[in-house]
Amino acid sequence: VGSGANPLLTQSTPDMQLNKSGYIVADPDTGKTTKKGVWAGGDIVTGAATVILAMGAGRKAADSIHKYLTLGW
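The sequence shown runs 93 to 165 under my numbering.
Here is the structure:
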């Protein structure tokens, strides 16, 4: 069980925007990050929260990814 983001993630993607707490900045409605073709959700975006919230973020991201892949959004 971890208490923060894996530093390898942020070290390997220096162009991905992070907030002042070090979490990935993602659109709350789609999960899209500032890096093209990358989505994020759950604790890596919000910090420690509930599994239900993480599942909801995953569902929104999956819908957005589907639209991106099929419609080019």
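C-beta atoms are modelled at their ideal positions from N, C-alpha and C, and glycine is treated no differently. All values reported here derive from a predicted model rather than from experimental measurement.
Apart from the five residues just before and just after residue i, which ones in its own chain have a Cβ nearer than 7 angstroms to its Cβ?
i: residue 157; result: 131
i: residue 105; result: 127
i: residue 124; result: 118, 131, 156
In three-state terms, what does DSSP make of residue i?
i: residue 126; result: coil
i: residue 132; result: coil
i: residue 140; result: coil
Exposed or buried, what is residue i when buried is set at 16 or more other beta-carbons lying within 10 Å of its beta-carbon?
i: residue 136; result: buried
i: residue 133; result: buried
i: residue 112; result: exposed
i: residue 152; result: buried
i: residue 141; result: exposed
Taking C-alpha atoms, which residue in the options lies nearest to residue i?
i: residue 145; options: 160, 121, 164; result: 121
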